[in-house]
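Chemist: One structure coming up, written as structure tokens, with questions to follow.
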Amino acid sequence: MSVAPSADAAYVTDALIAEDIDAYLDTHRHKTMLRFITCGSVDDGKSTLIGRLLYDSKMIFEDQLDALQADSKKVGTQGQEIDFALLVDGLAAEREQGITIDVAYRFFNTEKRKFIVADCPGHEQYTRNMVTGASTADLAVILVDARKGVLVQTRRHSYLCHLIGIRNVVLAVNKMDLVGYDQARYDAIVADYAVFARSIGIESFTAMPISGFKGDNITARSPNTPWYQGPTLIDHLETVEVLSSRDADKPFRMPVQWVNRPNLDFRGFAGLIASGSVKPGDAVRVLPSGKTSTVARIVTLGGDLDKAVAGQAVTLTLADEIDCSRGDVLAAADAPPQVADQFEATLVWMADEPMLVGRGYWLKLGTQTVSATVQQPKHTINVNTLEHLAAKTLDLNAIGVAELATDRPLVFEPYADSRTLGGFILIDKLTNATVAAGMLNFSLRRAQNVHWQALDITRDAHAALKHQKPAVLWFTGLSGSGKSTIANLVEKKLHALGHHTFLLDGDNVRHGLNKDLGFTEADRIENIRRVGEVAKLMSDAGLIVLTAFISPFRAEREMVRAMLPKGEFVEIFVDTPLAVAESRDVKGLYKKARAGELKNFTGIDSPYERPEWPELRVDTTAETSEAAAERIVDHILGARGDMWMPTI
Amino acid sequence: MTTTLTHLQRLEAEAIHIMREVVAEAERPVMLYSVGKDSAVMLHLARKAFYPAPPPFPLLHVDTTWKFRAMYDLRNRMATESGMELLVYQNPEALERGINPFDHGALHTDMWKTEGLKQALDKWQFDAAFGGARRDEEKSRAKERIFSFRSASHGWDPKNQRPELWNLYNARKHKGESIRVFPISNWTELDVWQYIQLEGIPIVPLYFAAPRPTVERDGMLLMVDDDRFRLLPGEVPVERSIRFRTLGCYPLTGAVESEATTLSEVIQETLLTTTSERQGRAIDKDAGGAGMEVKKQQGYF
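So the protein sequences, as listed, match chains A and B.
With this note's numbering applied, the first sequence corresponds to residues 340 to 987, in that order.
With this note's numbering applied, the second sequence corresponds to residues 1255 to 1555, in that order.
Quick look at the structure:
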């Protein structure tokens, strides 16, 4: 083989293993752990560096090495020499294209530490994978190709690492062998990076000249760079302070994951301690309720503990029977975290589908899951220039600052103080995909100052006067499916029976309340949100509300359903096949859409998401409008039976 | 005062946290139990995570009928000790057709394990299955998330994995879809061995060296575990001091010659060895460089 191991493989301890395995194991069990990431521009040599670290620490076995040598000759990019990148690029597509697509996690040991390294992709379209790798890292190794210097990706990744809270940064100027170990070149790159680092708030970083391929300054000081006096990469990784240990000095916080209730005599609260420490007898507060108690026991399989610290997974029992369940946070009674429902947050968008302003997403923070809506971004950040740009939404890989509101109060801390109580993900309610990573900056005062005014005439009183139970009959279906026709008939019948009704029609509302809205996805969501709010106010007033809107998205129909008391939202799916609706084309809209004169037309170039469990479905190819209306009225008056009576 | 946890303490806490998240968010979790050393660690971690309650999910052994006898013994003992329900599943079609590693080669793994696993998960409608896979085992595993999402037909899409940030796991899925969960993703083989030693976890005796009847075939040392083993013409079992680094179906799993009879000695050998752990398994070699990735896309664990 053509690549020699580093001259002084400082972290290979074969001798001790062979002579005194028990002594070696004793050292190993007391090791700490450092998680770091390697990032930088494409072809800066990330995978090669990791291959080198694994190789020098003997984490590559003979059979793997044989395969590697064979592969290197076949598809490698290093001529007859070993192509370490092939070792870490694990997916078939990556090996074929010679690029890193996804984060790969690798492991190696030295005498002092165990390391987990996340190898992150450099290509811009995989930035979300890089953020994933960075979120669990204590340190970042930013690689720069000595021939190319600081590039766009270098800046982008540095910014992301800083944003995600990594405070230990190593600038590894790589491929020094290809610039003749030129000190002037190295100094120029370091100076260039220092200017950029300062501008984004990186207070300090450690720079070093290396060659991942040749092994310079990886484990041993290289004779090729006599002008460099700093530590080798391994020296630095072994001795740098692990910042997560600082969590131990903060006030106690533990998000409750699971309530352990094996029998009537035991009620334990299981969780991972996010910060601080806890002892039996400590006063704790349950948030958001604010109730207090004291810790009785710290229970483990190996016996009760006297103390537990940040990073440990424990089960606590409390001295008092107080309400506490998954999603609550146990905290030091005298220093509890805040509770709020409106925030400013920084978001990294990770989905192909752009963010939809006003759309409800699941927000998961610690063990809390709530529904959240995001406002139009205040700005997005151009990571090359650090300019703040105006934006209407966030696209894949965009970073932006926006306000968000949750449907229930969240127990939180600013992300700068706590990754656990400040970091969150957003989940699409329909696809269940993780669409964004977010960091809470602070809560908005507005949330604390707007209160509900208690009203003396209740919604029940309004309904009682009208001798009816309010409802929202939500007609949904394609344009031309027959929603308005049937809704009109239903309203006439209810009116004739003496009920107080009101019909909100899609076209009519767009002439007034919603005349500022267009037909983009975001505007359609806002259209439905407003109609939902109006329908809710009208039902509060005791009316039976009928709405006839295409309302193509399941998420918004579910949003309106969630606004109303259980049973009051009646989803009526007017199920007319596209071909039938198009052949009717009452308003001539399909013709225009087909001709390309109308954009975002449901069924043509914008999707219609069919209701999964509508209360009623009308098949207009099998039933007349008159019969359908009759059936709807029967269903409502019949099925809702006793509910139809005033509740007072 | 600052207490820095050791790497094993951090790994243990991470695994326990993951198991509790699954129990809190999944409807019907199950722990895949293959009786190997990684399964032994997984079971131990589960008992710690939910103590004093027993782990609130069953153990599932997808059996091939070709495991070593010592494995069946330990399996039954551990199920009793942990107080957990043990489900054993054998693919009825493989049973009926008498699929075996001697006559059927790759089909043996496919029908008993890949198909058997899918059938078992469907039969009991499990929506989350714990597995003991580690990222240091194999290249495509190094890229897999801790919560690894599977389609209703159990497929894995490596190019479209959910971003997994901090220790926030997105366990949401549609009906029929499921999640494979790997709580010891970040452990290495050494971590597993050392944890077994520190915690005194019972493992199958085959991991320790002892004189056993063996034959050498295609460069692998195979143990003759029962009279179903078909000797080729001229083959005579020879007693050698051997042990196993990894345990699967006995005719597919190669042994190594060894004198290591204690855990310390086993770890010593492991550290000084020059071949990787899965080398003793035929499965990785089936489809060239991407063997495991292809198997996983088809639904193999």
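Think of the CB as a built atom: it goes at the ideal place given N, C-alpha and C, for glycine as much as any other residue.
Which partner residues does Val1435/B have in the DSSP bridge list?
Modeler: Position 181 of the second sequence holds residue 1435/B. Partner(s): Phe1384/B, Phe1401/B.
Chemist: What do you get for Thr564/A, buried or exposed, if any count of 16 or more other CB atoms within 10 angstroms of its CB means buried?
Modeler: As a first step, residue 564/A is located in the first sequence; it is residue number 225 there, counting from the start. Classification of Thr564/A: buried, given that the 10 Å Cβ count is 16 or more.
Chemist: Gly650/A: buried (16+ other C-beta within 10 angstroms of its C-beta) or exposed?
Modeler: Mapped onto the first sequence, residue 650/A falls at position 311. Counting Cβ neighbours within 10 Å, Gly650/A comes out buried, since at least 16 surround it.
Chemist: Mind listing which residues of the segment 446-478 of chain A have their C-beta closer than 8 Å to chain B's C-betas, in chain order?
Modeler: Those residues of the segment 446-478 of chain A that come within reach of chain B (Cβ to Cβ, closer than 8 Å) are Phe446, Asn448, Arg452, Lys453, Ile455, Arg467, Asn468, Val470, Thr471, Ser474, Thr475.
Chemist: Give every residue of the same chain whose Cβ lies closer than 6 Å to the Cβ of Pro627/A, excluding the five residues on either side of it in the sequence, and list them in chain order.
Modeler: Position 288 of the first sequence, counted from the start, is the residue given in the question as residue 627/A. So the list reads Val678, Pro748, Val750, once near-sequence residues are dropped.
Chemist: If you reduce the DSSP assignment to three classes, tell me which class Gly488/A lands in.
Modeler: Working through the first sequence from its first residue, we reach residue 488/A at position 149. In the structure shown, Gly488/A sits in coil (DSSP, three-state: anything other than H, G, I, E or B).
Chemist: Using 8 Å as the limit for Cβ to Cβ distance, is Val1342/B near chain A?
Modeler: As a working mapping, residue 1342/B is identified with position 88 in the second sequence. Chain A, which has no Cβ nearer than 8 Å to the Cβ of Val1342/B, makes this no.
Chemist: Would you identify the three-state DSSP class for Ala527/A, choosing helix, strand or coil?
Modeler: Position 188 of the first sequence, counted from the first residue, corresponds to residue 527/A. Ala527/A: helix per DSSP, three-state reduction.
Chemist: Kindly list the residues whose CB is nearer than 6 Å to the CB of Pro916/A, restricted to its own chain and excluding five residues on each side of it in sequence; keep chain order.
Modeler: To locate residue 916/A, count along the first sequence from 1; it is residue 577. Contacts found: none.
Chemist: Looking at chain A, is there any beta carbon in it that lies within less than 8 Å of the beta carbon of Asp1390/B?
Modeler: Position 136 of the second sequence, counted from the first residue, corresponds to residue 1390/B. So yes, Asp1390/B belongs to the interface.
Chemist: Any residues in the segment 769-780 of chain A with a beta carbon nearer than 8 Å to a beta carbon of chain B? Which ones, in chain order?
Modeler: From the segment 769-780 of chain A, only Asn771, Ala772, Thr773, Ala776 have a Cβ closer than 8 Å to chain B.
Chemist: Taking only runs of the beta strand (DSSP E) that begin and end inside the segment 1451-1516 of chain B, which ones reach a length of at least 3 residues, in chain order?
Modeler: Complete beta strand (DSSP E) runs here, min 3: 1464-1471, 1474-1477, 1492-1497.
Chemist: So, is the C-beta of Val1492/B closer than 8 Å to a C-beta in chain A?
Modeler: Counted from its first residue, the second sequence places residue 1492/B at position 238. Chain A contact via Cβ: absent.
Chemist: When Cβ atoms are compared, which residues of the segment 1323-1353 of chain B fall closer than 8 Å to chain A?
Modeler: If the cut-off is 8 Å between Cβ atoms, the segment 1323-1353 of chain B has nothing near chain A.
Chemist: Could one say the Cβ of Ile764/A lies closer than 8 Å to chain B's Cβ atoms, at least one of them?
Modeler: Taking the first sequence and counting its residues from 1, the one referred to as residue 764/A is at position 425. Ile764/A counts as touching chain B.
Chemist: Do Met1338/B and Pro1312/B have their beta-carbon atoms positioned less than 8 Å apart in this structure?
Modeler: The count along the second sequence starts at 1 and reaches residue 1312/B at position 58. The count along the second sequence starts at 1 and reaches residue 1338/B at position 84. A contact, by the Cβ cut-off of 8 Å.
Chemist: Let me know the secondary structure DSSP gives Lys959/A once reduced to three states.
Modeler: Start at 1 with the first residue of the first sequence, and residue 959/A comes out as number 620. A small fix is needed here, since residue 959/A is Thr in this sequence, not Lys. Thr959/A: coil per DSSP, three-state reduction.
Chemist: Excluding sequence positions up to five away, which residues of its chain have a Cβ less than 7 Å from the Cβ of Gly821/A?
Modeler: Taking the first residue of the first sequence as 1, we reach residue 821/A at position 482. Taken in chain order, the residues that qualify are Val913, Thr915, Thr959, Ser964.
Chemist: Based on the DSSP output, what are the partners of Glu683/A in its beta bridges?
Modeler: Within the first sequence, the letter at position 344 stands for residue 683/A. Note: Glu683/A sits in a beta bridge opposite Glu742/A, Phe781/A.
Chemist: Taking the CB atoms as reference points, tell me whether Val1492/B and Thr1468/B lie closer together than 8 Å.
Modeler: Translated into positions along the second sequence, residue 1492/B becomes position 238. Translated into positions along the second sequence, residue 1468/B becomes position 214. Closer than 8 Å, so yes.
Chemist: At least one CB of chain A closer than 8 Å to the CB of Leu1419/B: is that the case?
Modeler: For the purposes of this step, residue 1419/B is identified with residue 165 of the second sequence, where counting begins at 1. Closer than 8 Å: yes.
Chemist: For the candidate residues Val653/A, Ser818/A, Tyr444/A, whose alpha-carbon lies nearest to that of Lys931/A?
Modeler: Numbered from its first residue, the first sequence carries residue 931/A at position 592. The shortest C-alpha separation from Lys931/A is found at Ser818/A.
Chemist: Check for me: the beta strand (DSSP E) holding Leu1314/B runs from which residue to which?
Modeler: On the second sequence, position 60 is the one that residue 1314/B refers to. Where Leu1314/B is concerned, the enclosing beta strand (DSSP E) stretches over 1313-1316.
Chemist: Helix or strand or just coil, what does DSSP make of Asp1292/B?
Modeler: What you label residue 1292/B is simply residue 38 of the second sequence in a count that begins at 1. In this structure, Asp1292/B counts as helix in the three-state DSSP scheme.
Chemist: Assign Thr797/A to one of two classes, buried (16 or more other C-beta atoms within 10 Å of its C-beta) or exposed (fewer than that).
Modeler: Taking the first sequence and counting its residues from 1, the one referred to as residue 797/A is at position 458. So Thr797/A ends up on the exposed side.
Chemist: Are any of the Cβ atoms in chain B nearer than 8 Å to that of Pro594/A?
Modeler: As a working note, residue 594/A is residue 255 in the first sequence. Judged by the 8 Å Cβ criterion, Pro594/A is not in contact with chain B.
Chemist: Name the residue from Leu1341/B, Leu1340/B, Gly1370/B whose alpha carbon lies nearest to the alpha carbon of Glu1347/B.
Modeler: Counted from its first residue, the second sequence places residue 1347/B at position 93. Among Leu1341/B, Leu1340/B, Gly1370/B, the Cα nearest to that of Glu1347/B is on Gly1370/B.
Chemist: Check each candidate in Ile612/A, Ala874/A, Ala357/A and name the one with the smallest Cα separation from Leu1259/B.
Modeler: If you number the second sequence from 1, residue 1259/B lands on position 5. Cα-wise, what sits closest to Leu1259/B is Ile612/A.
Chemist: Compare the C-beta of Thr1515/B with all C-beta atoms of chain A and state if any pair is closer than 8 Å.
Modeler: Taking the first residue of the second sequence as 1, we reach residue 1515/B at position 261. So, not an interface residue.
Chemist: Could you please tell me which residues of the segment 1267-1291 of chain B, in chain order, have their CB closer than 7 Å to any CB of chain A?
Modeler: Residues Ala1267, Ile1270, His1271, Arg1274, Glu1275, Val1277, Ala1278.
Chemist: Is it true that the CB of Pro753/A sits closer than 8 Å to the CB of Asn780/A?
Modeler: Counting from one through the first sequence, the residue named residue 780/A turns up at place 441. Counting from one through the first sequence, the residue named residue 753/A turns up at place 414. Going by C-beta atoms, Asn780/A is nearer than 8 Å to Pro753/A.
Chemist: Determine the extent of the beta strand (DSSP E) in which Val873/A is found, giving its start and end residues.
Modeler: By 1-based counting over the first sequence, the position of residue 873/A is 534. Note, Val873/A: premise wrong, no beta strand (DSSP E); alpha helix (DSSP H) at 860-879.
Chemist: Closest Cβ-Cβ distance between Met689/A and chain B: below 8 Å?
Modeler: By one-based count along the first sequence, residue 689/A stands at place 350. Cβ-Cβ to chain B under 8 Å: yes for Met689/A.
Chemist: Quick check: what's the CA-CA separation for Leu373/A versus Phe447/A?
Modeler: Taking the first residue of the first sequence as 1, we reach residue 373/A at position 34. Taking the first residue of the first sequence as 1, we reach residue 447/A at position 108. Using only the alpha carbons, I get a separation of about 10 Å.
Chemist: Take the Cβ of Gly761/A as the centre, count every other Cβ of all protein chains shown within 10 Å, and call the residue buried at 16 or more, exposed below.
Modeler: Residue 761/A sits at position 422 when you count from the first residue of the first sequence. Burial call: buried.
Chemist: For Gln1451/B and Ser1518/B, I'd like the C-alpha separation in whole angstroms.
Modeler: On the second sequence, residue 1451/B is found 197 positions in, with the first residue counted as 1. On the second sequence, residue 1518/B is found 264 positions in, with the first residue counted as 1. Rounded to whole angstroms, Gln1451/B to Ser1518/B spans 8 Å at the Cα level.
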